[in-house]
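In the numbering used here, the protein residues as written are 4 to 798. C-beta: ideal position from N, C-alpha, C; glycine also. Structure, as structure tokens:
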């Protein structure tokens, strides 16, 4: 019995069998040499285990028997089988000898390389196995394996026939590496303003999201911003990578969003919510405040950020730009010149052709001739199924959001058209919103206002105007903003020149629902006949503009069809009354601080305290609390505005009574001097203006008038018990210094002040300051009332 011990393995019994052939004995000796070399080799444990298994299989292929005594029947049967398989066994032994020689050669080579130091251990080269010679099948090969018993009496594993050796063919050329490649690091730069308008304010026929999910999709679906980087990476990996032998994956390490919006943007608007959702998806949102009519510095910030990180080592390998604005082409070219790859993500409906098309011939100087991209454009609309997900937290009635464009277009067009020639600048969005809020659609529990329906379908009035293609909106200019007040957020709405054609196309294209048909059955233009009520804010602002420009000073916003009386006395009197009325309206409504604060900056605890203090429900998330508070604030502001309007109307009515009876002794006050007449107040202003060189600063003039007492008649009215200043009397009769100057065009005129003359040009109070200049020469007074300024001081 031949037993060869090997370290790390169990002892391998090589000859517990009868050896019938000398060649087999030689094979066993060769196996012993193999195990001895294997023991001294520098193979690791795994490699030794593989070699050990190969040697064990060779031994099992011999078809040997145990020395244990067998039954007589078994011996006879074994003899018959042995005689039939001798020739086959010889051929198998020859093949096994060749395999053993190959193993010996391999281990000898390994032993020679053992003395050579190497930094990394290389796996041994694969050996090409010789094919097994084809032999005719014999009964012995097809017979079942015999089971023998070892010396311990336990049945060993049955001897299996040898598996056919596999044929290996050496490659003639290096194969492409199949190992995992490290991904390219990418940064995504997002033009947030362009993206908002592309997703939420595209016209119906241009917006792919509306075509797929319908109008008002934001109420039923949401944009999964966390999926956007993954979708872009997958799209880039699937695209042709140009010169690369194998596509290399891309991994977005950072997303930077640049945008701006006005400070008073509604927290519940789609714009505000979109950037909030981006921030929750771990996007870096860089917000800038819009202070003028248009945003500034967004494009330049993106370009600077992209070029900055292109010069930082290992910041990124690929710069991805999400935009459709061709102004970024220079930045993309410079980034590629820094050795970085550049990719573009956009939407077909809002992407400039200069970004998406292949560069043209360099001879054409009207087009760019530089390569600006290293990848195909990734179009967002091709992956809407992965980016737009259904909402599960909001339940909307089935018939909500089903308003066709024609219904709202028809109602708004009628409102603007019925204003007539009075509204030369358009109608105020405040008047339009009030009108739509009075119109109701639906029935039962699903009854809602037309304004709410538009908000559900389009997100708001402004979004609807932009998407309809029938109306145009215009922000208030600086002069109008000064007259309306800084808290006024309204804008002008006008019909476009092709509004009739757009309305006709909508009427032919849209099929009205049953709810809309019921609405038009009861729809009437009769409420618009009351111009004073329907167009209150529009008339008021236009009246202020006309008065400040000295055009038609007798225009009365409360009487659109007003015609001045032929009697000059009543004309002048009514004109002054109207000026009082107009100037009184300039008294801007001051809202409480609790209604004007930015609630989005408050914590949940403070929001709940506000809700609790105003009798609102305190449960819910921060978004729900903000929405609840915003609704409360809107209702409260509307109530305060109505109270303020009623108060102003009462003041105008009382002043009108006074002006209709200027000589009534019961008034107790001095008759207001007509234009050209110099009364007590006029004399005070003239005196101060002459002392100031012919023109006086309006703020300094106000301080001077507040230091002087009112006229004797006005002091008699208060029984000389209450100190009344000349400034107070001026405001009672004219509303403000600006109104006083406007009512006396033959005596005074307003002139602007150069901002450089102020010691602090940035002082917000200086914005409304002007010069009160004397007309040359002033007319002779018909009422002599020289003030005694020094003796009648108010202090």
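ask   = What is the residue span of the beta strand (DSSP E) that residue 391 lies within?
value = As a position in the chain shown, residue 391 is number 388, starting the count at 1. Element bounds for residue 391: 391-393.
ask   = How close, in whole Å, do the beta carbons of residue 804 and residue 305 come, if the pair is a contact with beta carbons under 8 Å?
value = Past the edges of the chain, shown from 4 to 798, lies residue 804, and the structure says nothing about it.
ask   = Can you list the alpha helix (DSSP H) stretches of 4 or more residues lying completely in the stretch 179-249, in chain order?
value = Positions of the alpha helix (DSSP H) runs, each at least 4 residues long and wholly inside the stretch 179-249, are given as 195-203, 211-216, 231-241 in order along the chain.
task = Put residue 639 into one of helix, strand or coil per three-state DSSP.
result = Residue mapping note: residue 639 aligns to position 636 of the chain shown, counting from 1. In this structure, residue 639 counts as helix in the three-state DSSP scheme.
message = Can you tell me which residues form a DSSP beta bridge with residue 477?
response = Taking the chain shown and counting its residues from 1, the one referred to as residue 477 is at position 474. Answer is 495, bridged to residue 477.
ask   = Does any CB atom of chain D fall closer than 8 Å to the CB of residue 737?
value = No chain D is part of this structure, which consists of one protein chain only.
query = Between residue 346 and residue 310, is the Cβ-Cβ spacing less than 8 Å?
reply = By 1-based counting over the chain shown, the position of residue 346 is 343. By 1-based counting over the chain shown, the position of residue 310 is 307. For residue 346 and residue 310, no; Cβs fall outside 8 Å.
query = Which word fits residue 525, buried or exposed, when buried means at least 16 other C-beta atoms lie within 10 angstroms of its C-beta?
reply = Taking the chain shown and counting its residues from 1, one reaches residue 525 at position 522. Classification of residue 525: exposed, given that the 10 Å Cβ count is below 16.
request  = Determine the DSSP secondary structure at residue 753, reduced to helix, strand or coil.
outcome  = Reading the chain shown from its first residue, position 750 is the one you call residue 753. In the three-state scheme derived from DSSP, where H, G and I count as helix and E and B as strand, residue 753 is classed as strand.
key: Candidates 708, 709, 732, 710: closest to residue 799 by CA position   = In the structure displayed, the chain extends from 4 to 798; residue 799 sits before or after that span and is not available.
inquiry  = Once the 5 residues before and after residue 707 are set aside, which same chain residues still bring their CB inside 7 Å of it?
reply    = In the chain shown, counting from the first residue as 1, residue 707 sits at position 704. The beta carbon of residue 707 is closer than 7 Å to those of 691 in its chain, skipping five residues each way along the sequence.
query = Are the stretch 440-455 and the stretch 506-515 in contact at 8 Å, needing three or more beta carbon pairs?
reply = Flag = no, the stretch 440-455 and the stretch 506-515 do not touch.
message = Give me, in chain order, the residues of the same chain whose beta-carbon lies closer than 8 Å to that of residue 341; leave out the 5 immediate sequence neighbours on both sides.
response = On the chain shown, residue 341 is found 338 positions in, with the first residue counted as 1. Within its own chain, the residues whose Cβ lies closer than 8 Å to the Cβ of residue 341, once the five positions on either side in sequence are excluded, are 310, 313, 314, listed in chain order.
message = Is it buried or exposed, residue 219, if we count other Cβ atoms within 10 angstroms and call 16 or more buried?
response = Residue 219 sits at position 216 when you count from the first residue of the chain shown. Label assigned to residue 219: buried.
ask   = So what's residue 446 in DSSP terms, helix, strand or just coil?
value = Mapped onto the chain shown, residue 446 falls at position 443. DSSP, reduced to helix, strand and coil, places residue 446 outside both helices and strands of the structure shown, so it counts as coil.
message = Please report the distance separating the alpha-carbon of residue 302 from that of residue 423.
response = Here residue 302 corresponds to residue number 299 of the chain shown, with the count starting at 1. Here residue 423 corresponds to residue number 420 of the chain shown, with the count starting at 1. Answer to the nearest angstrom: the Cα atoms are 42 Å apart.
query = Among the residues of its own chain, which have a CB less than 6 Å from the CB of residue 326, if the five just before and after it don't count?
reply = The count along the chain shown starts at 1 and reaches residue 326 at position 323. Only 194, 197 meet the Cβ criterion.
key: Rounded straight-line distance, which links the Cα of residue 538 to that of residue 438   = Position 435 of the chain shown holds residue 438. Position 535 of the chain shown holds residue 538. Their backbone Cα atoms lie some 9 Å apart in a straight line.
ask   = Per DSSP, residue 699 is paired with what?
value = Counted from its first residue, the chain shown places residue 699 at position 696. Per the DSSP secondary-structure output, residue 699 pairs in a beta bridge with 775.
key: Touch test, the stretch 463-477 against the stretch 527-541, Cβ-Cβ under 8 Å, three pairs minimum   = Contact check between the stretch 463-477 and the stretch 527-541: fewer than three CB pairs, one atom from each, fall below 8 Å, which does not count as touching.
ask   = CB-CB under 8 Å to residue 540, same chain, minus the five flanking residues each way: which ones, in chain order?
value = Walking along the chain shown from the start, residue 540 turns up at place 537. Once the five neighbours on either side are set aside, the close Cβ partners of residue 540 are 431, 433, 434, 493.
key: Contiguous alpha helix (DSSP H) assignments of at least 4 residues, all confined to the stretch 501-544   = Counting only runs of 4 or more, we get 502-512, 517-525, 534-537.
message = Per DSSP, what are the beta-bridge partners of residue 262 in this structure?
response = Stepping through the chain shown from its first residue, residue 262 is reached at position 259. Bridge partners of residue 262: 290.
request  = Go ahead and label residue 201 buried or exposed: buried means 16 or more other beta carbons lie within 10 angstroms of its beta carbon, across all protein chains shown.
outcome  = Within the chain shown, residue 201 is the residue found at index 198, counting from 1. Classification of residue 201: buried, given that the 10 Å Cβ count is 16 or more.
query = Alpha carbon to alpha carbon, what distance is there between residue 408 and residue 717?
reply = Here residue 717 is taken as the residue at index 714 of the chain shown, counted from 1. Here residue 408 is taken as the residue at index 405 of the chain shown, counted from 1. Their Cα atoms are separated by approximately 60 Å.
task = Quickly, what does DSSP pair residue 451 with across the bridge? List them, please.
result = Indexing the chain shown from 1 puts residue 451 at position 448. Answer is 444.
ask   = Going by the CB atoms, is the gap between residue 751 and residue 688 shorter than 8 Å?
value = Here residue 688 refers to the residue found at position 685 of the chain shown. Here residue 751 refers to the residue found at position 748 of the chain shown. Pairing residue 688 with residue 751 gives a Cβ-Cβ distance under 8 Å.
Beta-carbon proximity list for residue 778, same chain, < 7 Å, skipping 5 on both sides = Here the question's residue 778 lines up with position 775 in the chain shown. Around residue 778: 749, 750, 751, 752.
key: Buried versus exposed call for residue 543 [16 or more other C-beta atoms within 10 Å across all chains shown]   = The count along the chain shown starts at 1 and reaches residue 543 at position 540. With 16 or more other Cβ atoms within 10 Å, it is buried.
query = What is the DSSP secondary structure of residue 360, reduced to helix, strand or coil?
reply = One-based indexing of the chain shown puts residue 360 at position 357. Looking at residue 360 - three-state DSSP - the assignment turns out to be coil, as it is neither helix nor strand.
Cβ separation of residue 352 and residue 359, assumed to be a contact under 8 Å, to the nearest whole Å = As a first step, residue 352 is located in the chain shown; it is residue number 349 there, counting from the start. As a first step, residue 359 is located in the chain shown; it is residue number 356 there, counting from the start. So it is not a contact: roughly 12 Å between Cβ atoms.
inquiry  = Let me check understanding here. Comparing Cα to Cα, which of 710, 186, 742, 343 lies closest to residue 730?
reply    = Counted from its first residue, the chain shown places residue 730 at position 727. Of 710, 186, 742, 343, the residue nearest in Cα terms is 710.
task = Grab me the residues of residue 278's own chain with a C-beta within less than 6 Å of its C-beta, minus the 5 sequence neighbours each way, in chain order.
result = The count along the chain shown starts at 1 and reaches residue 278 at position 275. Excluding sequence positions up to five before and after residue 278, its CB lies within less than 6 Å of the CB of 288, all in the same chain and listed in chain order.
query = Grouping DSSP H, G and I as helix and E and B as strand, with all else coil, what is residue 406?
reply = Looking up residue 406 in the chain shown gives position 403. Note: residue 406 maps to coil in three-state DSSP.
key: Closest Cα partner of residue 393 within the set 276, 616, 227   = Stepping through the chain shown from its first residue, residue 393 is reached at position 390. Looking at the Cα atoms, 227 is the closest of the given residues.
inquiry  = To the nearest angstrom, how far is the alpha carbon of residue 266 from that of residue 292?
reply    = As a working mapping, residue 266 is identified with position 263 in the chain shown. As a working mapping, residue 292 is identified with position 289 in the chain shown. Rounded to whole angstroms, residue 266 to residue 292 spans 6 Å at the Cα level.
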